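Only one structure is covered here, and it is reproduced in the block below.
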Amino acid sequence: NITLTNGNIVTVYCDMEGINCDGEGGWTRVAYLNMTEPGTTCPSGLTQTGYIDINHDVCERSGAGCDSIIFSTYSLNYTKVCGQIRGYQFGTPDGLNTGTSNIDSYYVDGVSITYGSNPRQHIWTYAGGLLETFLDLPGKYCPCNNGNAASPPSFVGNDYYCESGLNAPPWSYILYADDPLWDGQNCDGPESPCCTNPNMPWFLKTLNEITTDSIE
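Just so we're aligned, residue 82 is where the sequence shown starts under our numbering, counting upward by one.
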């Protein structure tokens, strides 16, 4: 249990080993969602959907554009963020918008993890690319793919993972459940440089400041 600045007492999960993070203790969990666990529901703001290709529901955005979920950090000071995300490709994702410098824009087809506001501060990005091996539309492919000269937005830098769940054309508007994204597995051909981080799907980010901001 921890006592908040307003006097309220909350129960949190603490990781005193940090095996998937920095190998040190003192990590406090602020967000946890595992749709493979029976009875789990999506947080408000996301749509819960079932597909015949997978044995559990998934959480999706409600439509075009972005949906936002805010996770409180209990007003705790922090300088590091660690976590993981599992996702699946549906249809034809557009990867990263390499031409934007605005973090508050629709810069990724995937998941953006940030803190703060006006503007948001980037923590990590999980992007979905169109295909693993076909390079006729570079704007839809992961910037880390061999043969793709595009770079991620400057505010993203190298703090991202990008994968596709589809090896080659043709594509359909279905859920590609056989190849989960961002796990570092089944990264074929040009996509292989995207999966060299042995910690995937886990990320670790050290911020440039101490903050208590919620994570979005």
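Glycine included, each C-beta is placed from N, C-alpha and C at the ideal position. This structure is a prediction, so every number in the text was calculated from the model and none was measured.
Identify which residue in the options has its Cα closest to the Cα of residue i.
i	options	result
N289	G210, R110, H203 and W263	H203
N227	T277, R110, Q266 and S273	S273
G210	Y196, T195 and A231	A231
A249	C268, S186 and P234	C268
T287	I184, Q266 and K161	K161
Q165	A258, C102 and Y254	C102
N178	D134, C243, Y155 and L262	C243
D264	W252, Y169 and L212	Y169
P282	C163, T117, D138 and P271	C163
I135	A258, N278 and P279	A258
R167	C275, I133, S125 and T117	T117
G197	N229, T293, P174 and I133	T293
T173	C276, S149 and P251	P251
L285	D240, T277 and C147	D240
What did DSSP end up calling residue i once you bin it into helix, strand or coil?
i	result
C102	coil
P274	helix
G220	helix
Q266	coil
G144	coil
I166	coil
C123	coil
N289	strand
Y132	coil
V93	coil
Y159	strand
V111	coil
I151	coil
Using beta-carbon positions only, say whether residue i and residue j come within less than 8 Å of one another.
i	j	result
S295	S193	no
T121	L114	yes
L256	F171	yes
V93	Y155	yes
N199	I291	no
P224	T181	no
E297	I151	yes
Y222	G176	yes
E213	S245	yes
M97	G104	no
T109	C123	no
Hey, would you say the C-beta of residue i is under 7 Å away from at least one heavy atom of the ligand COA?
i	result
D260	Looking for the ligand COA in the displayed structure turns up nothing, as the structure carries no ligands at all.
Open item on the list: Quick check for students: name the residue ranges of the beta strand (DSSP E) that lie wholly in the segment 177-233, counting only runs of 3 or more.
Closed with: 191-196 and 202-209, all fully within the segment 177-233.
- [ ] Run through the segment 230-262 for me and flag every whole beta strand (DSSP E) of 3 or more residues, listed as ranges in chain order.
- [x] As for any beta strand (DSSP E) of minimum length 3 sitting wholly inside the segment 230-262, the runs are 241-244 and 256-262, ordered along the chain.
Open item on the list: Would you call the segment 181-190 in contact with the segment 124-144, where contact means no fewer than 3 C-beta pairs closer than 8 Å?
Closed with: These segments do not touch.
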